[in-house]
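Following: one structure in structure tokens, then a few remarks.
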Amino acid sequence: MISDRYVGSSLWVRKREVRAEMVSRGSYGSGGLLTGRFHARKLSPSVITFYTIFIFAFSIIVFLFYVRNISIDQDPRRPFISRQSNSQQSLQVPELHVHDKQQLWDSPFNHGLHQCVERTTKYKAAKGFNRYLTVRSNGGLNQMRTGISDMVAVAHMMNATLVVPQLDKRSFWKDSSVFSDIFDELHFIQSLKGDIRIVSELPKNLEGIPRARKHFTSWAGFGYYTDMTRLWSDYQVIHVAKSDSRLANNDLPLDIQRLRCRAMYQALRFSPPIENLGKRLVDRLRSQGGRYIALHLRYEKDMLSFTGCSYGLTDAESEELRILRENTNYWKVKAINSTEQRIGGFCPLTPKEVGIFLHALGYPPSTPIYIAAGEIYGGNTHLSELSSRFPNLIFKESLATPEELKDFTNHASQTAALDYIICVESDVFVPSYSGNMARAVEGHRRFLGHRKTINPDRKGLVGIFDMVETGVLEEGKELSQMVQRMHKNRQGAPRKRHGSPPGVKGRARFKTEESFYENPYPECICGSKSKLEIT
């Protein structure tokens, strides 16, 4: 039996055959599309050419438009901008692709460079066993560390025995710590025995003899200290009253520069209690979130007073800082224009500015941020402007137990040493101000393989922050692009140490040079000859 479906299909096929036959004869009924009277007109070659070109051009335009949309949608560098109101979008963190998220944390390419602090074949250890150099280190922890490292080099150049330096107890922090409280004294002495002789104390028979008391010239060179050896003809002991910035950053013999690195990065190890607690705190940070930013938030009373920076402060706070500056005798500059300081980039970033900055770089609000600092001026009043954007702020007081911290209480240099360890070991280091600690940590991170250090362009950022503050610019894509473009080459990539700016002459050029300990490349960081040309 043949189904209805089969019959219907056969009729349909037959109709198509009839229709095709009628078309071939030129007729298709009275109401059809084709009749015996219709004949297709043959197109001229010029018309055919025109239509061909038109269709081809149109196809190209459609193709390019389609490809452009795909590339925009798939570009991993293009942040996602949510479709929210302007006020909400200004606080929206752009959604980053996996590649971009990784770039937030990755260290810059180090071009295969490596540490090189070995002595050259011409190097000879100092043999001045009957000549002694005593030193009083001045300043905070990192100012003392760099000064002590310089004094190791000075002792070698002057062929002297170095007495373990005395630490500063009269600075702003009034820390009573002695050398062995902060540094591993035995390790310091032993690790440098191939360079100079170091003793814990001046021999008893020499304590009462006359000694030369010297304030060595700032940023002095090899020739200066060679000339100072004439003092040994009259004195057996030379006392150095101030240790910071006593040695030039550049134009010193290679072996002297490498000795400075051995002293700074190998010999001046922190005392076991500090080292052990510092490592435990780093482990705890890692266990909480894996990767973290160490933020050296230099928004402290002494720094704001010293720099004369009062932007964002109340009149009462500004006056308090002015009085402190007036009453601190060893701060020479008293009258400071706060506005000029900020415009010139000489002020530390405020907590609010740091929050805007990190947000613009693309870090999400959940980012763990360790705050390496003393007491933030104004407390939570100012700090809340950062925590509102990045609530996962971590302090040593919340990371360590009260029992672990009790031995460090009222010892600012020891707690600063804990901060130093956590900053050096961090995935990303961000200093809000280029002070002694910021420079020392950056140099150490460069020495360890150019770990990521983001240096805010404080002078360049002032205009951007002011536009945000006045509402001319909102936090969002445009701001992020401006900040990221400005800091593309400020993330700790290998480069040679900067000299003084053009036009600076005389001794002023020494003060404007980049610190040796901020960037010990190329003397203590080496590679192939071609790689040493990196700038």
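In the working numbering, each number is its position in the sequence shown, counted from 1, plus 29.
Backbone N, C-alpha and C define an ideal beta-carbon position, used for all residues, glycine too.
Just so you know, these numbers come straight off a predicted model, no measurement behind them.
Exercise for review: Can you give me the start and stop residues for the beta strand (DSSP E) that residue 243 sits inside?
Suggested key: Annotation for residue 243: the continuous beta strand (DSSP E) segment containing it runs 241-243.
Check your understanding: Does DSSP classify residue 348 as helix, strand or coil?
Key -> Three-state DSSP puts residue 348 in a helix.
Check your understanding: Comparing the CB of residue 321 with every heavy atom of the ligand FAD, is any distance shorter than 7 Å?
Key -> In the structure on display, the ligand FAD does not appear, and there are no ligands present to speak of.
Check your understanding: Does the Cβ-Cβ distance between residue 474 and residue 480 come in under 8 Å?
Key -> Cβ atoms of residue 474 and residue 480: closer than 8 Å.
**Study point:** Spatial distance of residue 284 from residue 348 (CA atoms)
**Key:** Annotation: residue 284 to residue 348 spans about 49 Å, alpha carbon to alpha carbon.
Practice item. Would you list, in sequence order, the uninterrupted beta strand (DSSP E) runs of no fewer than 3 residues that lie entirely inside the region 237-282? Key: Entirely contained in the region 237-282, the beta strand (DSSP E) runs reaching 3 residues are, in chain order, 241-243 and 266-269.
Review point. Can you give the Cα-Cα distance for residue 320 and residue 144, rounded to whole angstroms?
Key: Inter-residue distance for residue 320 and residue 144 is about 25 Å (C-alpha atoms, whole angstroms).
Point to revise | Cβ-Cβ distance between residue 525 and residue 550 below 8 Å | key: Result yes, Cβ atoms of residue 525 and residue 550 sit closer than 8 Å.
Review point. Exposed or buried, what is residue 453 when buried is set at 16 or more other beta-carbons lying within 10 Å of its beta-carbon?
Key: Result: buried.
Check your understanding: Is it true that the region 239-258 meets the region 194-213, where meeting means three or more beta-carbon pairs spaced less than 8 Å apart?
Key -> Touching, no.
Review point. Looking only at its own chain, which residues have a Cβ that is under 6 Å from the Cβ of residue 155, when we skip the five neighbours before and after it?
Key: Within its own chain, the residues whose Cβ lies closer than 6 Å to the Cβ of residue 155, once the five positions on either side in sequence are excluded, are 185, 188 and 225, listed in chain order.
Practice item. Name the two residues that bound the continuous alpha helix (DSSP H) containing residue 386. Key: From DSSP, the alpha helix (DSSP H) with residue 386 extends over 380-390.
Check your understanding: Under 8 Å between the Cβ atoms of residue 238 and residue 322?
Key -> Against a cut-off of 8 Å, the Cβ pair of residue 322 and residue 238 comes out as no contact.
Check your understanding: Under a three-way DSSP split, which group does residue 152 fall into?
Key -> DSSP places residue 152 in coil when its eight states are reduced to three.
Check your understanding: Span of the beta strand (DSSP E) holding residue 163?
Key -> Membership of residue 163 in the beta strand (DSSP E) is indicated by the continuous run 161-164.
Point to revise | CA-to-CA distance, residue 233 to residue 336, given in whole angstroms | key: Computed Cα separation, rounded: 44 Å.
**Study point:** Where residue 460 falls: helix, strand or coil (DSSP)
**Key:** Strand, per DSSP.
Check your understanding: Across which residues does DSSP place residue 340 in a beta bridge pair?
Key -> Residue pairing by DSSP places residue 340 opposite no residue, since no beta bridge is assigned to it.
Check your understanding: Does DSSP put residue 513 in a helix, in a strand, or in coil?
Key -> If DSSP states are grouped into helix, strand and coil, residue 513 belongs with the helices.
Exercise for review: Counting only the same chain and skipping the five closest in sequence on each side, list residues whose C-beta sits under 8 Å from that of residue 135.
Suggested key: So the list reads 481, once near-sequence residues are dropped.
Check your understanding: In or out: residue 460 buried (at least 16 other Cβ within 10 Å) or exposed?
Key -> When all chains shown are included, residue 460 counts as buried.
Exercise for review: Within the same chain, show all residues whose beta-carbon is closer than 6 Å to that of residue 162, passing over the 5 residues directly before and after it, in chain order.
Suggested key: Correct list, in chain order: 184, 189, 191 and 267.
Review point. Can you tell which of 301, 181 and 386 has the C-alpha that lies nearest to the C-alpha of residue 218?
Key: Measuring from the Cα of residue 218, the nearest candidate turns out to be 181.
Check your understanding: residue 385: buried (16+ other C-beta within 10 angstroms of its C-beta) or exposed?
Key -> It counts as buried.
Practice item. May I have the straight-line CA-CA distance separating residue 255 from residue 275, to the nearest angstrom? Key: Taking the straight line joining both Cα atoms gives about 14 Å.
Review point. Sorted by chain position, which residues of the same chain lie with C-beta nearer than 6 Å to residue 382's C-beta, five sequence neighbours on each side aside?
Key: Contacts found: 494.
Review point. In three-state terms, what does DSSP make of residue 323?
Key: Strand at residue 323.
Check your understanding: Does DSSP put residue 143 in a helix, a strand or coil?
Key -> Note: residue 143 maps to strand in three-state DSSP.
Point to revise | Best match in 534, 538, 133 and 463 for proximity to residue 328 [C-alpha to C-alpha] | key: The shortest C-alpha separation from residue 328 is found at 463.
Practice item. Determine the extent of the beta strand (DSSP E) in which residue 490 is found, giving its start and end residues. Key: Note, residue 490: premise wrong, no beta strand (DSSP E); alpha helix (DSSP H) at 487-499.
Exercise for review: Provide the residue span of the beta strand (DSSP E) that contains residue 192, from first to last.
Suggested key: First-last of the beta strand (DSSP E) with residue 192: 190-192.
Exercise for review: Could you tell me whether the Cβ atoms of residue 437 and residue 277 are closer together than 8 Å?
Suggested key: The beta carbons of residue 437 and residue 277 sit no closer together than 8 Å.
Check your understanding: How many Å lie between residue 352 and residue 555 at the Cα?
Key -> Looking at the two C-alpha atoms, the distance is approximately 48 Å.
Exercise for review: Could you pull the start and end residues of the alpha helix (DSSP H) that residue 449 belongs to?
Suggested key: For residue 449, the enclosing alpha helix (DSSP H) begins and ends at 441-453.
Check your understanding: Just how far apart, CA to CA, sit residue 509 and residue 137?
Key -> Using only the alpha carbons, I get a separation of about 20 Å.
**Study point:** Residues that DSSP places opposite residue 482 in a beta bridge
**Key:** The partner list for residue 482 (beta bridge, DSSP) reads 458.
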